[in-house]
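Protein chains in written order, with this note's numbering: chain E, 17 to 177; chain V, -10 to 107; chain C, 3 to 163; chain W, 2 to 411.
So the structure is just underneath, and the comments pick up after that.
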Amino acid sequence: MIADQLITDKGNSAGDEWITVPAPRLREALAALKEDGYRLLVFLTCVDHLADSSREWPARFEVLYELRDMEKLRDLRVRAFVDGDPPQIDSVHDLFPPANWDERETYDLFGVVFNGHPELTRILMPDDWVGHPLRRDYPVGGEPVEFSEEHETWQTPPPEA
Amino acid sequence: MLESYVPLLIYVLIVLGLVGTVASLSFVLGPSKPTRKKLAPYESGIIPETPAMRRLSVRFYLTAMLFIIFDVEAVFFYPWAVLMRQLKWFGLIEMFVFMGVLLVALAYIWRNGGFDWD
Amino acid sequence: MGLEDLVDSLGQNVLTTTLGKVLGWGRGNSVWPAQFGLACCAIEMISTATAGVDIARFGSEAMRASPRQADLMIVSGRVSQKMAPILRTIYDQMPEPKWVISMGACASTGGVFNNYALLQGVDKVVPVDVYIPGCPPRPEDLLNALMILQERIKAQGIITR
Amino acid sequence: MSIEDMTGQGVTITQTGEHGAFGGELLTINFGPHHPSTHGVLRLIVDLDGEQVKRVKPIIGYLHTGIEKQMEALRWQQGVVCTDRHDYLSPPINNLAYALAVERLMGVEVPPRAQALRVIMSELTRLSSHLVWLGTSGIELGAMSVLMYCFRERDTIMDMNEEISGFRMHTSYIRPGGVMADATPRFFDLLGKFLHEMPGHIDEYEDLLTMNPIWRARTIGIGRLAPEVAKVVGASGPMIRGSGIAWDLRKVMPYSGYENYDFEVATNDGCDCYARYLVRIKEMREAVKILEQAVDRLPDGPINVDDRKMLPPPREELETSMEAVIHHFKLFTEGYSVPPGDVYVAVESGRGENGCYISSDGTHKPRRVKFRSASFVNLQALERMALDHMVADLVAIIGTADTVLGDVDR
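Here you go:
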């Protein structure tokens, strides 16, 4: 079972179990969970909590791993909070093969650098694209549309930025 | 003696004439505006950087050679088919022997894996 | 070179206009589309080509895979920023005379998605002849656009643009 | 080398001079974005030794539409439109994932009639998705007539979609809080006639393909995916069921009332393209069985949650009660807000596990919506399945992975 001092926070959100793990020791936690039976990484993504007033967030970027145990049919979400410019975290592509492309996509859209990834390049955006689109301070873009108050706000970064 | 070939000559001339006019007509009348981008090699939308001229694997050569051998074999059937009546039994047996030799060769190549690719 | 020089030298007289009508009739009734299926509209384009709605009645059944043998490009689907240069390359590699139908709202104006990732309208990259609204338009809409295009081709005569 | 470190090999463009088995140099070609048989705008960089594929590197992103950023800028009820369009072969199933996620965050449960209507629309979509797959995969391997047969049935399903929701493909029928409208009697007539004929049509496809020597030669033994590799790579749907593992989310983690329908999980332990073809054919038969049970036992009652915060009140109430007008006004100017928290719901689409992860910060727009796409993960298995096959087999392997590039690139 995963060592208890690794888990800094634990809870249940709308029926999903989740735990928070300190980012520097993420690989250790995921390896322990893999031994414990969570063999499948369903997906890996990042949430940008810039100016998020709903709760007190330890850091801006929350990288989360959705693990699943196919025998005992239980899911677990592992969160790791990262900050810094660019935010760095260890890559787990050798523990969970599906993480390879997920990490490249998270790097491409959020700018989170995964140390140790064999080929950390852009996967969805064109290779010469500047900026990471899914960050909250990146404008939605597109063309301004007359007579629609929503689209004016999309050209400029959201007010909370 | 040659006049029995005249209809063949006329036929060849008609064919060449027809093909010639159709090809040249489309070449002369058709709009052709060659631009550098249009003439670039088409590779599913990407202009390739790597040169396409590469040393080919020897298997292509093997396959081509086998095709030629068994295709040329078919050429020998035509004169035989024309003279089959006069040659009577001798021609028939001779052609079976000829085909037999080539069938043995085909079986040998097949068993030794000359046809499968990897 | 060919017929166009004929028109330049002889100008518009009874010979060239009738020849133009014959050419227009020939080109109009055998418009070969290039298979440029991108997203959901491509599925409706395929169902236009099947027996139910049968585009073959209009002479456009032979959906050519390579641009060399096509003279109509049906842009069916949303064009992302990464795909735009490739769309332009394919358009350049098509021999004249060539036409473009922009199928669906996404190809015509960016449609539902007005954001950083999509080209807001394919007419920013290639000259478009007929636009089709709808997301995705019904197969009958594509036939309607093809009939409009055929009228336009027949009216163009020898020099098309 | 073990499975783990085979990941992320990635293919570098071969330098000149790297030699294949028989002395020929490796040729790098583009199985590019504009290609008739890549089921969308997928680009593969393929290293060929003669006819054999030595390395494959998929390059995606040519259909990236920024759907996840778009949904962050739209209100909760407006986001349903985007969920239709990223996996455009199974729109209602994506709506279902989004709707279930929002409902679990709000803590509401839709009435049983809505759940049954959702199951009906999901199974109809699974049928139409498999029909499009069978048609296009058939025509790519030379079976022209299969396309015509399959799209004939797909058109009847599209007519049913149009009857129930007014739209052929992107129905947006399943919304947070219930479904758009109740099914009309004509819909049930069409559905009854369709269910009566469909098993016969599936037999037609089987007659065309199952014992067809060309189809079998092109698919048996092509694109092998061993069971343990399928599990490690995270494949789902027909990709994993074709390797003998009975993993179907409708059975394993039932949602929206799937537990009270009895159907078998279609598996086949051939581990190759032919096995996955048989799995999809059997899934079509199972979908017809589920639809029959759903229509027989359709409970009546309301089709929406009666929570006025989430759904507009019925029209006639607007004349009488003042609260209805206030609810109506608030709903259509600002939209409802979902309590903070995050949730992940996985549903079984035609391609595998399509999921929707939502992180909400209590405002009336989602903080982050992430679609777990089955094709995105199944495409990573392509690098392994295509090794040492012929170039022509690449077409069958891309076909059997049944990737929808809108789903891959989102």
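Even glycine gets a Cβ: it sits at the ideal position worked out from N, Cα and C.
Along chain C, which residues have their Cβ under 7 Å away from the Cβ of residue i?
i      : result
V161/E : N116
T66/W  : R80, S82, F115, A119 and L120
Put residue i into one of helix, strand or coil per three-state DSSP.
i       : result
M7/W    : Summary for M7/W: the model assigns pLDDT 39, below 50, so the residue's position carries little reliability, and this model does not support an answer.
R176/W  : strand
P40/V   : coil
M391/W  : strand
F372/W  : strand
P35/C   : strand
K181/E  : Past the boundaries of the shown model lies residue 181/E; chain E is included only from 17 to 177, so the question cannot be answered.
E335/W  : coil
M159/W  : helix
A347/W  : strand
L(-2)/V : helix
N355/W  : strand
C137/C  : coil
W101/C  : strand
R225/W  : coil
T15/W   : With a pLDDT of only 42 at T15/W, under 50, the local geometry of the prediction cannot be trusted, and the value read off the model is given with reservation. If DSSP states are grouped into helix, strand and coil, T15/W belongs with coil.
S89/V   : Sequence check: residue 89/V is Gly here, not Ser. Note: G89/V maps to helix in three-state DSSP.
M181/W  : coil
A177/E  : Residue confidence for A177/E is low, a pLDDT of 43 falling below 50, so the modelled location carries little weight and cannot support an answer.
K310/W  : coil
Q14/C   : coil
Per DSSP, residue i forms a beta bridge with which residues?
i      : result
W99/V  : W99/V pairs with nothing; no bridge assigned.
D48/W  : T29/W and R56/W
C272/W : C272/W is not bridged to any residue.
V94/E  : I35/E and Y81/E
V129/E : Q104/E
C62/E  : V79/E
Taking the alpha carbon of residue i as the point to measure from, which residue in the options has its own alpha carbon closest?
i      : options                           : result
I215/W : M285/W, G245/W and G143/W         : G143/W
I35/V  : D94/C, P99/C, L121/C and F115/C   : D94/C
G103/V : F56/V, W78/V and P20/V            : F56/V
R66/C  : A51/C, L5/C and N15/C             : A51/C
M311/W : H329/W, V230/W, W248/W and R187/W : H329/W
E260/W : A295/W, L395/W and G363/W         : A295/W
A347/W : K371/W, P367/W and Y337/W         : K371/W
R251/W : F168/W, P313/W, E229/W and R127/W : R127/W
I241/W : M254/W, P255/W, R225/W and Y256/W : R225/W
L92/V  : L(-3)/V, L45/V, W69/V and E62/V   : E62/V
L49/W  : D85/W, V42/W, K58/W and S138/W    : K58/W
V114/C : M386/W, T84/W, M107/W and I221/W  : T84/W
G167/W : D183/W, F152/W and L380/W         : D183/W
L430/W : F60/C, A58/C, S78/C and Q71/C     : Lying outside 2 to 411, the shown extent of chain W, residue 430/W is not represented and no answer is given.
A86/C  : A44/C, D56/C, I45/C and F38/C     : F38/C
E122/E : I105/E, D110/E and E33/E          : According to the sequence as given, residue 122/E is Thr; it is not Glu. The shortest Cα separation from T122/E among I105/E, D110/E and E33/E belongs to I105/E.
G157/E : L118/W, I68/W and V326/W          : I68/W
I223/W : L90/W, N162/W and L383/W          : L383/W
E82/E  : A218/W, R368/W, V344/W and M323/W : V344/W
What does residue i touch in chain V if you count any residue whose Cβ is under 7 Å from its own?
i     : result
I57/C : Those within 7 Å of I57/C in chain V number zero; the least Cβ separation is about 23 Å.
E52/W : W106
Taking Cβ-Cβ distances shorter than 8 Å, what residues in chain W pair up with residue i?
i     : result
L35/V : First, the residue type needs correcting, since residue 35/V is Ile and not Leu in the sequence shown. What I35/V touches in chain W: N31, G33, P34 and R44.
What in chain V is Cβ-close to residue i, meaning under 9 Å?
i     : result
L21/C : Result: empty, since nearest Cβ-Cβ is about 10 Å, beyond 9 Å.
For residue i, which residues in chain E fall below 8 Å Cβ to Cβ?
i      : result
G112/C : G158 and E159
E284/W : Those do not exist, as E284/W stays about 20 Å from chain E at its closest Cβ, beyond 8 Å.
G235/W : L56, L57, V58, F112, P113 and P114
Whose Cβ in chain C lies nearer than 8 Å to the Cβ of residue i?
i      : result
P113/W : Neighbours of P113/W on chain C: none; closest Cβ ~32 Å, over 8 Å.
C83/W  : V114 and F115
Name the chain C residues that come within less than 9 Å of residue i, Cβ to Cβ?
i      : result
P149/E : N117, Y118 and A119
Which chain E residues are close to residue i, counting only those with a beta carbon under 7 Å from its beta carbon?
i      : result
S360/W : V63
V378/W : P114
Task: Residues from the segment 116 to 142 of chain C in contact with chain E, defined by Cβ distance under 9 Å - done: N116, N117, Y118, A119, L120, Q122 and G123
Task: Within 7 Å of chain W by C-beta, residues of the segment 36 to 56 of chain V in sequence order - done: P37, T39, R43, R44, L45, S46, V47, R48 and F49
Open item on the list: Output needed in chain order: residues of the segment 11 to 31 of chain V with a Cβ under 8 Å from some Cβ in chain C.
Closed with: V17, L18, G19, P20, S21, K22, T24, K26, K27, A29 and Y31
Task: chain E contacts from the segment 329 to 345 of chain W (Cβ-Cβ distance under 8 Å) - done: P341, G342, D343, V344 and Y345
TODO: Closer than 7 Å, Cβ to Cβ, to anything on chain W: give me those residues from the segment 54 to 78 of chain V, in chain order.
DONE: none
Open item on the list: Output needed in chain order: residues of the segment 146 to 157 of chain W with a Cβ under 8 Å from some Cβ in chain C.
Closed with: L148, M149, F152, R153, R155 and D156
Task: Proximal residues, the segment 104 to 135 of chain W versus chain C, C-beta separation under 7 Å - done: V133
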